[in-house]
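First comes the structure, then the notes that go with it.
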Amino acid sequence: METKKTIFSGVQPSGSLHIGNYLGAIAQWVEMQKDYNSIFCVVDYHAITVRQDPKRFGEQILDVVKTYLAAGIDPKKSIIFQQSHVTAHTELAWILNCAGARVADLNKMTQFKEKVGESKESAGVGLFDYPVLMAADILLYNTDVVPVGEDQKQHVELTRDLAKRFNNAYGEVFKIPDVKMQKEGARIMGLDDPLKKMSKSATSPANYIALTDTPEAAAKKIMRAVTDSGAEIKYDKEEKPAIANLLNIYSLLSGKNVKDLEKEFKGKGYGDFKKGLAEVVGNFLADFQKKYNQYGDKDIKDILEHGAKRARPIAEETLRRVKEKMGII
Ligand code: TYM
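Numbering (the numbering used here), first residue to last: -12 to 316.
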């Protein structure tokens, strides 16, 4: 009998993936795929909530899959697929729009509020409704656990609410998923502003280290990264948010714990510390990119096609049960 639990997660193909995406999300998937039925999606319909360049969008989709593979996701163990290839996602999103989601829920979503700022009235409806599509993604696969970075926690909480609301109204269909975040790494901050998260959509590339940055480019960004007052290398999120963030990245990529790093850099300045970090990041990127560059587009398309074939029956069965409960014949 199948006793493994299921994890589901995804990344938007909306620009350069960065070490925040890796450390906050993808790195934990790699660990978890050993013990869980694992389903990893490239959420292209989420990405079109903002305008994408049609000439580059296809490539961005394939690049996310290459990132998954280079990080260590194994397509033989895990299902890797593209959201738009399984139409049940948008169908269930519509059903949840009607049977559960309220305007007041979506009005509370901090990511939406941050994204649109003052211009809410002119924001696309898709951007507003985005968390409902995310709920559909998760609920279609009877997901037990959703491994994500901290910025997605609220969306998973909404998913739980929508699932419970539907189950109460129509009868038990959906499993209620839990969120899982890394202890460290769930919120990697921007290099140019340690009070804001590292983000693909940041206006300046100085904000993030892209997984495709050359080690030299990454080193430059690190040497220019904002620091705090004082000179000590100490982990203190309140007093020294910039150094705490850099220490966090250093620790996660090197496997050394923060206390040991503080000792290693005792009496040394920010310059030495940043040089050490640049080396660790550079080694990580060089190794990652060697793997990333070995995949051809054809291999990736085959993986997506195979993934959709495996994902589709699971999603369609859930959708069938949903429709049955609602009397949609
Ligand atoms: P996305 O594409 O913005 O980000 C992908 C993953 O990276 C995490 N992340 C971070 N973690 C740590 N520090 C950061 N600075 C950082 N920035 C991003 C995100 O939390 C995420 O886990 N809505 C999702 C995609 C999605 C999804 C889903 C996820 C759609 N459907 C279903 C899980 C389940 C998103 O936009 O992630």
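Don't be surprised by glycine CBs; every beta carbon is placed ideally from N, CA and C.
Alpha carbon to alpha carbon, how far is residue i from residue j?
| i | j | result |
| --- | --- | --- |
| S188 | G294 | 28 Å |
| N235 | D223 | 11 Å |
| N155 | I209 | 51 Å |
| H76 | W16 | 21 Å |
| K277 | P202 | 12 Å |
| S1 | R38 | 9 Å |
| E266 | A229 | 18 Å |
| K243 | N270 | 15 Å |
| A231 | I6 | 16 Å |
| Y279 | T199 | 9 Å |
| Y257 | T214 | 8 Å |
| H142 | Q169 | 17 Å |
| V103 | P134 | 26 Å |
| L239 | A88 | 37 Å |
| I67 | Q20 | 12 Å |
| M176 | Y9 | 13 Å |
| F260 | V166 | 34 Å |
| R299 | G217 | 55 Å |
| Q69 | K246 | 41 Å |
| F44 | L178 | 27 Å |
| D284 | S25 | 23 Å |
| A302 | Y128 | 6 Å |
| Q47 | Y55 | 13 Å |
| D289 | E249 | 46 Å |
| D31 | V51 | 10 Å |
Starting from residue i, trace the beta strand (DSSP E) both ways and give me its first and last residue.
| i | result |
| --- | --- |
| Q69 | 66 to 69 |
What would DSSP say about residue i, mapped onto helix, strand or coil?
| i | result |
| --- | --- |
| G263 | helix |
| S(-4) | strand |
| N129 | coil |
| V30 | coil |
| K184 | strand |
| M168 | coil |
| K227 | strand |
| V62 | For the sequence presented, residue 62 should be read as Pro rather than Val. If DSSP states are grouped into helix, strand and coil, P62 belongs with coil. |
| S25 | strand |
| A197 | strand |
| M176 | strand |
Got a sec, what are the start and stop residues for the alpha helix (DSSP H) residue i sits in?
| i | result |
| --- | --- |
| N244 | From DSSP, N244 is part of no alpha helix (DSSP H); its letter is neither H nor E. |
| I287 | 284 to 313 |
| A89 | Checking the sequence shown, residue 89 turns out to be Arg, not Ala. Element bounds for R89: n/a, residue is neither H nor E. |
| Y55 | 41 to 58 |
| R211 | 202 to 211 |
| V17 | 14 to 19 |
| T214 | Per DSSP, T214 belongs to no alpha helix (DSSP H) and is neither H nor E. |
| V103 | 97 to 103 |
Please determine whether the Cβ atom of residue i lies at a distance below 7 Å from any heavy atom of ligand 3.
| i | result |
| --- | --- |
| V(-2) | Absence of ligand 3 from the depicted structure is noted, with ligand 1 being the only ligands included. |
Of all Cβ atoms in chain C, is any one closer than 8 Å to the Cβ of residue i?
| i | result |
| --- | --- |
| K95 | Although the question refers to chain C, the structure presented lacks it and comprises just one protein chain. |
Q.
I'd like the ranges of any alpha helix (DSSP H) spanning at least 4 consecutive residues and lying wholly in the stretch 110 to 156.
A. 112 to 126
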